[in-house]
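Each residue of the sequence shown is one higher than the one before, starting from 39 at the first, in the numbering used here. Every residue, glycine too, gets a C-beta built ideally from N, C-alpha and C. Working notes for the structure below.
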Amino acid sequence: EGANVVLNACYEKENVEYVLQCGGVEPLVRVVKDTGCSMRCRSAAAGAVQSVCFQAAGRCVVRDCDGVAALLVLLKELDRGEGRGNSK
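Structure below.
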């Protein structure tokens with residue numbers, strides 16, 4: 039649920055800046071990577087990372103904490119159908 043809140047907050051540029059100042063990208067990327075989390079939670083975290091990437095500084099932070107690789111792994115899992123039915 040926390041990832042959803044961050045996702046919604048990141049629609050505003052000022053909130054993205056605050057997430058960056060607070061070091062919030064790294065925890066979001068960890069959730070994206072965490073196969074123990076529900077696909078719903080991981081997808082919300084990925085959405086928040088996407089919102090962060092709309093800002094140039096956010097793109098740099100996401101890249102620097104291997105966020106792009108984490109997102110690609112999640113995308114491949116979804117492409118293989120591994121996320122279906124995983125709504126815990």
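Taken through DSSP and simplified to helix, strand or coil, Tyr49 comes out as coil. The Cβ atoms of Ala41 and Val67 do not sit closer than 9 Å to each other. Distances from the alpha-carbon of Glu115 to those of Gly61, Ser76, Asn53 put Ser76 closest. The beta carbon of Leu109 sits closer than 7 Å to those of Val70, Ala84, Val87, all from its chain and outside the five residues before and after it, given in chain order. Out of Leu112, Cys79, Asn53, the CA that lies nearest to the CA of Val90 is found in Asn53. For the 9 Å CB-CB criterion, Val57 and Gly96 form a contact.
Excluding five sequence positions before and after Cys48, the CB atoms of its chain that fall closer than 7 Å to its own CB belong to Val54, Val57, Ala86, Ser89, Val90, given in chain order. For Asp117, the enclosing alpha helix (DSSP H) has its first and last residue at 105-117.
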